[in-house]
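Below is one structure, written out as structure tokens; the observations come after it.
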Amino acid sequence: MSISKLLQPKYIAIALIILTLGVVAYGYAAANVVPESGAGDGSGTVSGYTVSNITYTLLAADPSKVQSVAMDIVATSGAGIPSQVKITIDSGTTWISCTGPTTNTWSCAFTASSEPSVSAIESLQVVAAE
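For the sequence shown, my numbering assigns the number 3 to the initial residue and increments by one for each residue that follows.
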């Protein structure tokens, strides 16, 4: 096609329509923003919540075992108060549901006769969600 043929009004109109559709599609895609939510999982810093003041309560009858774990969980900006908190101390094999919050404190108690020994705790992973 020659340049003079491309500069005809119908081809310019088609080009403008395609350009307009592209701009509109880009605008809709840019408006598709997901707000920060209260969910986090992982190691190190995870957005959504700040976990602090972690305390382990030892079993009175056998202080080599852990009876419960408690921690403060505070939402970062944009996140709501968590409605569910679970922990694992064995890299995800067993998950313990937590109760709370009392102020910002969540408590996670191990069931009777399944309390882990202090030496068996590999890590503490906390999962919190709104």
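Heads up, the beta-carbon is just placed ideally off N, CA and C, and yes, glycines get one too.
{"Asked": "Close-in-space but distant-in-sequence residues of the same chain around W97 (CB under 6 Å, 5 per side omitted)", "Found": "K88 and T90"}
{"Asked": "Cβ-Cβ distance between S70 and A130 below 8 Å", "Found": "no"}
{"Asked": "Simplified DSSP assignment, three categories, for L126", "Found": "coil"}
{"Asked": "Contact with chain C by K12, beta-carbon distance below 8 Å", "Found": "No chain C appears in this structure, which consists of one protein chain only."}
{"Asked": "Bridge partner(s) assigned by DSSP for W108", "Found": "M73"}
{"Asked": "Proximity below 8 Å, CB of D92 to CB of E124", "Found": "yes"}
{"Asked": "For G29 and E117, the rounded distance between their alpha carbons", "Found": "55 Å"}
{"Asked": "Integer Cβ distance of A62 from T107, believed to fall under 8 Å", "Found": "Not really, about 20 Å apart at Cβ, beyond 8 Å."}
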